[in-house]
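Numbering (full-length UniProt numbering), first residue to last: 1 to 606.
Heads up: the structure comes next, in structure tokens.
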């Protein structure tokens, strides 16, 4: 609880579910190390240490030492959080106050329990050495000592009741006011303070991007420069300088706590020019309120898009930032020679410092920059080991990819119908290699051109030492009415300079054997035999594909090499099918997988 409170203040993108697994692993490791230490050490040697009291057994001494250390750490963490919240923002003060109250209750409860336990132990150990207490008094202390350990679970129950008492009483009393909260499970599963800071950081990012581009345009008019520059903000003077973004900063903070930096502005302006993006239109996109699509992952990554869905801002690590800037000259040259590339279009790299933490953000084109619904998403790497989408558990509350509403998975809920063209709910998850069972049906010329471009892109990434990239495919489903007639000519491939191509293959459908439109049912076939053949009235399926290559900043590092050794030699995975593989082999396998998905034989209909 104490460590999570600190991370809520210092790192608003930390994953608490991942931290919980990490805490469990650390607990097991500490237990194993402690048991090995005690079993291999000499008991007489340990008992001779001055810290081991003659009335206290060694295991109990070690246990209570850990309790004392945990208590001191909890006190220190709580004081640090309280001091940090004293410089908080008014915009999120109410939310922070609620989280602080919950943290205060939990911390004070556990600290109080630790103090009482240590006091009882001290009394049980020191009282006999001071004088000769009555046997009944000493026995009472021993019984109290045993009760404190037996009642440890009640402390957890007490903390849970204090933290969730309001929601529990509402559920028991069938109070309807919690229905709105249940409609948004993200608010219940994630700490509110963390979520508030995420929104605050996104507001800071959008404002910083606008200020950085405007600052570069002013400098570019007088001096042609490509040097990175920093923007130190005075929150009091600049809190409302950009329309649509208001930090709500009323408390003056130190200047070193809010810092924004723009890297290589000229070269990223060149990328925007190659993509036919006007700087003023770029600024207008970020002036509007961003659509926050936050996800909690182990890396603490976040992604949000502009209101017009044209641009994505994604967090990145310092190593990824350094690598991207180092390859920008080669990247720009490649864009000039390959305007139809499927590689991401990087429009800016920025860094911002908030509450002592530095965050790096990259702005890129959105592959799904469309108002059409993306009904299926696939992440294709070419590997097949552990390349299945996560399994949805029955009765889990998930979001529908077709209508964007929340529904209970595995339960026929007629109160929340799906109004999409597909007509049924489908979990909003990104599918993977093993989940894609069919080829992507495109015109033969389009497929061949796309395969050539993917081969050039993957060869370019291979030359940079990049691996672990993937092809992101978004499918839009449409419903067609089957009618008689001749289908029109196939639509051609449409490439957009601002992002990856949208590939459409829409033809008018007809029944191949129906001679008239009203012949939906036929009781006899050509030979006079009774058959049960029925003509479909509507057919639904993919009508448009949005395709692009993503995650192109992962190098073949020592960490990836160790990961490969561990999976192959320890987990006994197939070395040919895991994602961790050197760039040359990765590119070949990636191209082979793309051929399986996109290749259309010459004798196959377009």
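Backbone N, C-alpha and C fix where the C-beta goes; we use that ideal spot for every residue, glycine too.
What are the start and end residues of the beta strand (DSSP E) that includes residue 305? 303–305
For the beta strand (DSSP E) containing residue 564, list its first residue and its last residue. Note, residue 564: premise wrong, no beta strand (DSSP E); alpha helix (DSSP H) at 558–565.
Among 455, 380, 207, 554, which residue has its Cα nearest to the Cα of residue 680? Outside the shown range of the chain (1 to 606) lies residue 680, about which nothing can therefore be said.
Could you check how far apart the C-beta atoms of residue 616 and residue 378 are, in whole angstroms? I think they sit under 8 Å. With the chain covering only 1 through 606, there is no way to say anything about residue 616.
The alpha helix (DSSP H) with residue 405 in it runs from where to where? Run containing residue 405: none; DSSP gives neither H nor E here.
Could you tell me which of 459, 65, 199 sits nearest to residue 114, measuring between CA atoms? 65
Using the three-state DSSP reduction, which class does residue 348 fall into: helix, strand or coil? strand
Length of the line joining the Cα atoms of residue 368 and residue 335: 20 Å
Here's the rule I'm using: 16 or more other beta-carbon atoms within 10 Å means buried, otherwise exposed. How should residue 33 be labelled? exposed
Does the segment 348–360 come close enough to the segment 445–453 to have 3 or more Cβ pairs within less than 8 Å? no
Using DSSP with H/G/I as helix, E/B as strand and the rest coil, what is residue 34? helix
Going by CA-CA distance only, name the one from 363, 427, 439, 158 that's closest to residue 599. 439
Under the rule that 16 or more other beta-carbon atoms within 10 Å means buried, what is residue 594, buried or exposed? buried
Are the beta-carbon atoms belonging to residue 568 and residue 577 less than 8 Å from one another? no
Among 77, 111, 117, 536, the one whose alpha carbon lies nearest that of residue 149: 117
Does DSSP put residue 380 in a helix, in a strand, or in coil? strand
Compute the Euclidean distance between the alpha carbons of residue 69 and residue 110, then round it to the nearest angstrom. 12 Å
Best match in 360, 382, 390, 400 for proximity to residue 373 [C-alpha to C-alpha]: 400
Short of 7 Å in beta carbon distance, which residues of its chain neighbour residue 157, apart from the five on each side in sequence? Order them along the chain. none
8 Å Cβ shell around residue 385 - same chain, five flanking residues per side excluded: 567, 573, 574, 577, 578, 579
Just to confirm my understanding: we take residue 3, look at its own chain, exclude 5 residues before and 5 after, and list those with CB closer than 7 Å. What are they? 77
Label residue 203 either buried or exposed according to how many other C-beta atoms from any shown protein chain fall within 10 Å of its C-beta, with 16 as the threshold for buried. buried
Is residue 544 helix, strand or coil by DSSP? strand
Can you tell me which of the three DSSP states residue 232 falls into? Caution applies to residue 232, whose pLDDT of 47 falls short of 50 and renders its modelled position unreliable; the value that the coordinates give is listed next. Residue state, collapsed to three classes: strand.
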